[in-house]
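Going by our numbering, the sequence shown opens with residue 197, and the numbers climb by one from there.
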Amino acid sequence: ITGQDYSNSKAYKGKDFTQTIAKGTNFSNSNLQGCRFYKAFLVNANFEGSDLRGASLEDTSMDGANLKNAIASGAYFGASLLDVATAENADFTDAQIPPKTLASFCSREDIVKGMNPVTACAV
Numbered sequence: 197i198t199g200q201d202y203s204n205s206k207a208y209k210g211k212d213f214t215q216t217i218a219k220g221t222n223f224s225n226s227n228l229q230g231c232r233f234y235k236a237f238l239v240n241a242n243f244e245g246s247d248l249r250g251a252s253l254e255d256t257s258m259d260g261a262n263l264k265n266a267i268a269s270g271a272y273f274g275a276s277l278l279d280v281a282t283a284e285n286a287d288f289t290d291a292q293i294p295p296k297t298l299a300s301f302c303s304r305e306d307i308v309k310g311m312n313p314v315t316a317c318a319v
């Protein structure tokens, strides 16, 4: 699904994107609640404004991915979270992030800042 446009959709809730190659794919402003992206290739993918609540993003490649304004509460992440381009204003309430990854991620001022425009949760 590389380079495809899946933006502004409510149709993907709970879908399984396991091992999908989604380089540069646009998921912005879509409902991706509970989606499984296990071992997916999400390099330069755009998740801006998307609803990722409860999504599984473990063992992915997220180099350059955009998580700006995303709602990722309760989502599951792996170490690749460190490789995203931005997570500005994203909501990670109750997200499962490995402790070593979390410490490094939270120390990146260029990525982690702001308040989510939907949930009003500060990053």
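Don't be surprised by glycine CBs; every beta carbon is placed ideally from N, CA and C.
Less than 8 Å between the beta carbons of residue i and residue j, yes or no?
{"i": "Thr212", "j": "Asn227", "result": "Reading off the sequence shown, one finds Asp at residue 212, where the question assumed Thr. No, Cβ-Cβ distance for Asp212 and Asn227 is not below 8 Å."}
{"i": "Ala286", "j": "Lys264", "result": "yes"}
{"i": "Met311", "j": "Val280", "result": "no"}
{"i": "Ala275", "j": "Ile307", "result": "no"}
{"i": "Lys209", "j": "Gly230", "result": "yes"}
Excluding the five sequence neighbours on either side, which residues of its own chain have a C-beta within less than 8 Å of the C-beta of residue i, listed in chain order?
{"i": "Asn204", "result": "Ser224, Asn225, Ser226"}
{"i": "Ala291", "result": "Ala268, Ser269, Gly270, Ala271, Tyr272, Phe273"}
{"i": "Ala261", "result": "Leu238, Val239, Asn240, Ala241, Asn242, Phe243, Asp279, Val280, Ala281"}
Using the three-state DSSP reduction, which class does residue i fall into: helix, strand or coil?
{"i": "Phe233", "result": "coil"}
{"i": "Phe213", "result": "coil"}
{"i": "Thr315", "result": "coil"}
{"i": "Ser257", "result": "strand"}
Between the options, which lies nearest to residue i when the distance is taken from Cα to Cα?
{"i": "Ile217", "options": "Gln200, Cys231, Lys209", "result": "Gln200"}
{"i": "Cys302", "options": "Lys235, Val314, Thr289", "result": "Thr289"}
Leaving out the 5 sequence neighbours to the left and right, which residues in its chain are closer than 6 Å to residue i when beta-carbon positions are compared?
{"i": "Asn222", "result": "Asp201, Ser203, Asn242"}
{"i": "Gly220", "result": "Gly199, Asn240"}
Please go through the same chain and pick out, in chain order, the residues whose beta-carbon is closer than 7 Å to the beta-carbon of residue i, but skip the five residues on each side of it.
{"i": "Gly245", "result": "Ser224, Asn225, Asn265, Ala266"}
{"i": "Glu277", "result": "A small correction: the amino acid at residue 277 is Leu; Glu does not occupy that position in the sequence shown. Hits under 7 Å: Met258, Ile293, Thr297, Phe301."}
{"i": "Lys235", "result": "Thr214, Gln215, Asp255, Thr256"}
{"i": "Ser252", "result": "Arg232, Phe233, Tyr234, Tyr272"}
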